[in-house]
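Trainee: Structure provided below as structure tokens; questions to follow.
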């Protein structure tokens with residue numbers, strides 16, 4: 001006799017217990033600590049903080065542990081937690097020219113004030129599996145530089161700006177930035193909404209779109225004007241004090257893309273900008289973001305909108321991996337009522353055709369057409 | 372569970388977990404609830420119009436009912452009795468999961484009985500038992516925009532709604548008839564509300580569309596991922612789109628429910644063996660149970676095996 005999909009409750013409970021057990025893995029292997037994740041999986045932590053829109057290394061590490069290393073799942077955990085947090089206010093805007101630099105490179109100038117600072121980078125590693133890490137992983141201490149990093153580390157775009165060669169970054173605008181986590185997005189989107197959307201957007205999605213522009217799908221000639229990574233202190237003015245206090249320090253990565261110039265016989269030509277910024281050390285993400293920010297300015301800069309990366313509604317509506325992952329995977333939910341409706345319709349359509357061709361008629365299982 | 376369970380105290384099962392500490396009643400903070408209630412009020416005032424709202428990230432995935440959950444969380448009170456169904460059934464995993472979520476975060480009474488519930492959250496069905504004016508039906512909506520399949524740009528569809536420029540919908544239906552000889556849309560069948568806005572009824576089978584018309588209960592629709600809320604106030608005209616010479620029709624079956632014998636409910640088809648033998652049973656599990664009780668004149672204790 002028919003047994004419906006009953007007993008959902010105990011099935012869910014058992015599944016969750018099994019999940020917990022699988023997450024823990026072999027109990028003879030020592031359990032991961034949050035410290036270990038924070039320190040040795042730091043780029044995973046950075047990605048989860050960036051796309052989770054919450055700067056908290058410990059919680060990000062916890063999310064990574066809980067999600068068994070599934071970073072999109074970890075991002076989801078952090079986002080859901082973020083929903084419950086109260087808002088105290090808005091910090092003073094950060095000034096990236098003043099950050100304590102750990103890495104700063106420019107692809108547009110051989111040398112520049114402050115110099116090129118490679119910092120920690122995969123860039124020039126040979127991608128050879130290092131079997132010594134499998135053995136013990138001991139590493140010698142890194143060599144300390146003789147001189148400290150130059151305090152004067154102006155942004156490349158500011159240097160160009162002195163000559164008027166690149167467009168001004170923004171006009172002074174004190175209006176409250178749009179917050180896509182509190183308001184429903186609108187199109188056309190404000191720049192603040194666009195940058196916020198891209199900053200928390202899925203790295204893979206942005207990467208593929210940025211790549212598509214380089215292959216001609218909305219080309220805009222990017223140069224990596226500057227990529228910088230380092231620490232910045234965050235300041236906040238509490239109402240009861242009325243003056244700024246430092247509430248912490250964060251690591252950020254910033255990318256300034258310098259793009260195809262614009263001008264006319266009357267207006268002197270100027271380079272245009274694309275901007276990327278991310279919590280933590282996220283170079284691939286910020287570079288992709290810089291390229292897409294610029295691509296999405298197509299309409300503003302009177303360029304033809306032809307490619308997906310230039311289409312604001314397409315890019316901004318599909319960048320969030322929490323939304324995308326949820327909706328793609330919701331197909332796992334039962335759909336048998338809708339499917340039953342489709343069965344009824346398809347059988348009725350087939351019956352209508354078969355009635356016209358009696359020779360080929362086949363028995364239709366007990367269904368009367370919808371009409 | 373027994374058929375009569377109100378399950379406030381079903382011995383230690385997941386169904387009635389401890390109320391979660393450190394979270395607000397029904398999870399959302401009061402500011403958020405106020406924002407959502409404002410959106411709901413606007414939606415009720417403009418039947419069928421999609422009101423944008425600042426949808427939050429919930430601890431359940433987008434696409435799994437976050438819109439319905441946010442609406443329910445914003446309207447539910449301590450005294451409400453909640454019923455959650457998915458595909459018409461209280462027992463499907465997602466319905467169980469959402470019911471548990473409210474059990475955990477709000478501690479409200481839950482029920483499987485349609486007429487006992489004050490708030491019913493649903494995915495893909497409207498209960499067979501007619502609803503009353505004291506009830507609210509909350510739909511989970513994946514894609515709130517009925518014009519989306521014809522025009523994918525939000526900027527365009529909003530304009531079309533504003534100007535009631537709905538010709539394209541009828542052209543779409545006409546092309547469907549021209550191609551197949553009939554309208555082939557079988558679920559999420561578009562409706563026009565109060566002679567004004569064209570609205571997605573959510574992916575309910577078209578079988579359920581007539582129940583929306585002049586329904587005494589308030590109908591609220593929440594689309595979390597798409598950040599839209601819309602509503603059909605009680606006793607509002609809801610018309611499924613059609614043509615005079617191709618009037619709207621609903622699904623019907625030759626069979627009756629193999630469990631309760633009902634001949635006027637939506638039937639699910641169940642394949643029972645390798646030969647493709649089928650049986651048909653009510654999709655509304657509570658309705659089916661009540662029909663059986665009427666037949667046997669006794670409350671049904673065992674779930675599921677239908678004997």
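Chains as they are written, first to last, in the working numbering: chain R, 1 to 371; chain B, 372 to 678. Don't be surprised by glycine CBs; every beta carbon is placed ideally from N, CA and C. Since this is a predicted model, take the numbers as computed values, not measurements.
(1) So, helix, strand or coil for residue 327/R, using DSSP?
(2) Between the alpha carbons of residue 517/B and residue 429/B, how many angstroms are there, rounded?
(3) Tell me whether residue 301/R sits in a helix, a strand or coil according to DSSP, three-state version.
(4) According to DSSP, is residue 387/B helix, strand or coil?
(5) The ligand SAM and residue 162/R: does the residue's C-beta get closer than 7 angstroms to at least one heavy atom of that ligand?
(6) Please report how far the alpha carbon of residue 289/R lies from the alpha carbon of residue 49/R, in whole angstroms.
(7) Count the other CB atoms within 10 Å of the CB of residue 92/R; is the residue buried (16 or more) or exposed (fewer)?
(8) Check the C-beta distance from residue 294/R over to residue 321/R and give it rounded, since I have them as a contact under 8 angstroms.
(9) Put residue 443/B into one of helix, strand or coil per three-state DSSP.
(10) Could you give the first and the last residue of the continuous beta strand (DSSP E) run that contains residue 212/R?
(11) Verify the CB distance criterion: does residue 313/R have a CB-CB separation below 8 angstroms to chain B?
(12) In the DSSP output, what is residue 233/R paired with across the bridge?
(13) Classify residue 599/B as helix, strand or coil using the three-state DSSP reduction.
(14) Does any CB atom of chain R fall closer than 8 angstroms to the CB of residue 622/B?
(15) Flag this pair as yes or no: are the beta carbons of residue 217/R and residue 142/R separated by less than 8 angstroms?
(16) Under 8 angstroms, Cβ to Cβ, is there at least one residue of chain R near residue 467/B?
(17) Using only the alpha-carbon positions, how far apart do residue 711/B and residue 439/B sit?
(18) Comparing the C-beta of residue 211/R with each C-beta of chain B, is any distance below 8 angstroms?
(19) Residue range of the beta strand (DSSP E) that residue 199/R falls in?
(20) Can you name the residues of chain R whose CB is closer than 7 angstroms to the CB of residue 558/B?
(21) DSSP state of residue 272/R, grouped into three classes?
(22) Cα-Cα, which of 441/B, 467/B, 487/B is closest to residue 450/B?
(23) Could you tell me the distance, in whole angstroms, from the CA atom of residue 374/R to the CA atom of residue 97/R?
(24) Which one of 560/B, 535/B, 536/B has the shortest CA to CA distance from residue 547/B?
(25) Under the assumption that residue 508/B contacts residue 590/B (Cβ atoms under 8 angstroms), give the Cβ distance between them as a whole number of angstroms.
(26) At the 8 angstroms Cβ level, is residue 386/B part of the contact set with chain R, yes or no?
(27) Within 10 Å of its beta-carbon, does residue 668/B have 16 or more other beta-carbons around it, so buried, or fewer, so exposed?
(28) What span of residues does the alpha helix (DSSP H) with residue 639/B cover, start to end?
(29) In this structure, does DSSP put residue 660/B in helix, strand or coil?
(30) Give the straight-line distance between the Cα atoms of residue 187/R and residue 461/B, rounded to the nearest whole angstrom.
(31) Using three-state DSSP, classify residue 334/R as helix, strand or coil.
(32) From which residue to which residue does the alpha helix (DSSP H) around residue 528/B run?
(33) If you follow the beta strand (DSSP E) that residue 457/B is in, where does it begin and where does it stop?
(34) Measure from the C-beta of residue 598/B to each C-beta in chain R and report whether the shortest distance is under 8 angstroms.
(35) With distances taken from CA atoms, which of 527/B, 520/B, 528/B, 578/B is nearest residue 345/R?
(36) Could you name the residues that DSSP lists as bridge partners for residue 257/R?
Mentor: According to the structure data:
(1) It is helical.
(2) Cα-Cα distance, rounded: 25 angstroms.
(3) Looking at residue 301/R - three-state DSSP - the assignment turns out to be coil, as it is neither helix nor strand.
(4) The predicted position of residue 387/B is uncertain, since its pLDDT is 46 and thus under 50; a value taken from the coordinates is nonetheless stated next. Residue 387/B sits in coil when the DSSP states are folded into three classes, being neither helix nor strand.
(5) This structure simply doesn't include the ligand SAM, nor any ligand for that matter.
(6) In this structure, the alpha-carbon of residue 289/R lies about 16 angstroms from that of residue 49/R.
(7) Exposed, because fewer than 16 other Cβ atoms sit within 10 Å of the Cβ of residue 92/R.
(8) That belief does not hold up - the Cβ atoms of residue 294/R and residue 321/R are roughly 22 angstroms apart, past 8 angstroms.
(9) Helix at residue 443/B.
(10) It is not in any beta strand (DSSP E) - residue 212/R instead sits in the alpha helix (DSSP H) that spans 203-214.
(11) Yes, contact with chain B.
(12) Residue 233/R pairs with 249/R.
(13) Three-state DSSP puts residue 599/B in a strand.
(14) With 8 angstroms as the cut-off, residue 622/B counts as an interface residue toward chain R.
(15) The criterion of a C-beta distance shorter than 8 angstroms is not satisfied by residue 217/R and residue 142/R.
(16) Contacts with chain R at 8 angstroms (Cβ-Cβ) include residue 467/B.
(17) Past the boundaries of the shown model lies residue 711/B; chain B is included only from 372 to 678, so the question cannot be answered.
(18) Cβ-Cβ to chain B under 8 angstroms: no for residue 211/R.
(19) Note, residue 199/R: premise wrong, no beta strand (DSSP E); alpha helix (DSSP H) at 191-199.
(20) Contact of residue 558/B with chain R by beta-carbon distance below 7 angstroms involves 338, 341.
(21) Three-state result, residue 272/R: strand.
(22) For residue 450/B, the closest of 441/B, 467/B, 487/B by C-alpha to C-alpha distance is 487/B.
(23) The structure shown has nothing for residue 374/R, since chain R only spans 1 to 371.
(24) With respect to the C-alpha of residue 547/B, the residue from 560/B, 535/B, 536/B having the closest C-alpha is 560/B.
(25) Going by Cβ atoms, the distance from residue 508/B to residue 590/B rounds to 5 angstroms, so yes, they are a contact pair.
(26) Residue confidence for residue 386/B is low, a pLDDT of 44 falling below 50, so the modelled location carries little weight; the figure read from the coordinates is stated next. Closer than 8 angstroms to some Cβ of chain R, the Cβ of residue 386/B qualifies, so yes.
(27) So residue 668/B ends up on the exposed side.
(28) First-last for residue 639/B: 638-642, but that is the beta strand (DSSP E), not the alpha helix (DSSP H).
(29) In this structure, residue 660/B counts as helix in the three-state DSSP scheme.
(30) A straight-line Cα-Cα distance of about 39 angstroms links residue 187/R and residue 461/B.
(31) Coil, per DSSP.
(32) Residue 528/B -> alpha helix (DSSP H) spans 525-533.
(33) Here the beta strand (DSSP E) through residue 457/B covers 452-457.
(34) With 8 angstroms as the cut-off, residue 598/B counts as an interface residue toward chain R.
(35) When only C-alpha atoms are compared, the closest one is 578/B.
(36) Residue 257/R is bridged to 224/R, 274/R.
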